[in-house]
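Visitor: I'd like to ask you about the structure that follows.
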Amino acid sequence: MVKICCIGAGYVGGPTMAVIAIKCPAIEVVVVDISKPRIDAWNSDTLPIYEPGLDDVVKACRGKNLFFSTDVEKHVAEADIIFVSVNTPTKTRGLGAGKAADLTYWESAARMIADVSKSDKIVVEKSTVPVKTAEAIEKILTHNSKGINYQILSNPEFLAEGTAIEDLFKPDRVLIGGRETPGGQKAVQALKEVYAHWVPE
269 MVKICCIGAG YVGGPTMAVI AIKCPAIEVV VVDISKPRID AWNSDTLPIY EPGLDDVVKA
329 CRGKNLFFST DVEKHVAEAD IIFVSVNTPT KTRGLGAGKA ADLTYWESAA RMIADVSKSD
389 KIVVEKSTVP VKTAEAIEKI LTHNSKGINY QILSNPEFLA EGTAIEDLFK PDRVLIGGRE
449 TPGGQKAVQA LKEVYAHWVP E
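Residue numbers (this note's numbering): 269 to 469.
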């Protein structure tokens, strides 16, 4: 069974993973977040975000192949594909304040992935992050890699408030970027196979 873990149970991570879970019953999807109140809300009858259709999707697969957990390290360690969907607020201080993205959350996610991983991983950027981020993240992962192979993919999400579930069910396009190496292309193919359950080529 392919295992997917998404770091970040926010506006992109929650709905995207719920749709992957309902469309791919053979894949185990776990959304992790360090915020216990947020995870508790995802596990309750009152979800932390309102999107038309989201309740039905979550209720259809929660507890079957869709799970929400604060046990971040356990699920990251077990996953084959890790989506990173953390906040990238605008920097408030220092170089690029007011313009550049603050990648603190991203960098700590990458360090944690490197710390806990015991097998090869495909790491997918879901947040809207600057182009150079993939390279920076790759450096952190490979620098701490302990012989583990990481493939970094970019898979940006274009969700409009109010139509997120509809957009996920019927996307205009799915963008997947990866390295041109054999390993990079194999990782792109693995992610394509997930989307192929419901998105025509």
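We put the beta carbon where it would ideally sit given N, CA and C, even for glycine.
Model, not experiment: these values are computed from the prediction.
Nearest by alpha-carbon distance to residue 414: which of 300, 291 and 385 is it?
Guide: 385
Visitor: Which value, in whole angstroms, describes the spacing of the CA atoms of residue 408 and residue 447?
Guide: Computed Cα separation, rounded: 17 Å.
Visitor: Which of the three DSSP states, helix, strand or coil, is assigned to residue 373?
Guide: Secondary structure of residue 373 (DSSP, three-state): helix.
Visitor: Report yes if the C-beta of residue 320 is less than 6 Å from at least one heavy atom of the ligand SAH; otherwise report no.
Guide: For the structure depicted, the ligand SAH is absent and the ligand set is empty, with no information on it obtainable.
Visitor: Unbroken alpha helix (DSSP H) runs of length 4 or more, entirely within the region 279 to 367: which are they?
Guide: 281 to 291, 304 to 310, 322 to 329 and 340 to 346
Visitor: In terms of residue numbering, what span does the alpha helix (DSSP H) encompassing residue 460 cover?
Guide: 450 to 463
Visitor: Can you name, in chain order, every residue of its own chain whose Cβ lies under 6 Å from the Cβ of residue 321, other than the five neighbours on each side?
Guide: Closer than 6 Å at Cβ, skipping near neighbours: 433.
Visitor: Helix, strand or coil: how does DSSP classify residue 268 here?
Guide: One cannot answer for residue 268 here, as it falls past the ends of the chain, which runs 269 to 469.
Visitor: Using 8 Å as the cut-off, can you tell me whether the region 296 to 310 makes contact with the region 446 to 464, which would need three or more C-beta pairs spanning the two stretches below that distance?
Guide: These segments do not touch.
Visitor: Considering Cα atoms alone, identify which of 300, 389, 341 and 420 is closest to residue 400.
Guide: 420
Visitor: Can you look up residue 416 in the DSSP assignment and give me helix, strand or coil?
Guide: For residue 416, the three-state secondary structure derived from DSSP is coil.
Visitor: Evaluate residue 418 with the Cβ neighbour count: other Cβ atoms within 10 Å of its Cβ, from every protein chain shown; 16 or more gives buried, anything less gives exposed.
Guide: buried
Visitor: Would you identify the three-state DSSP class for residue 384, choosing helix, strand or coil?
Guide: helix
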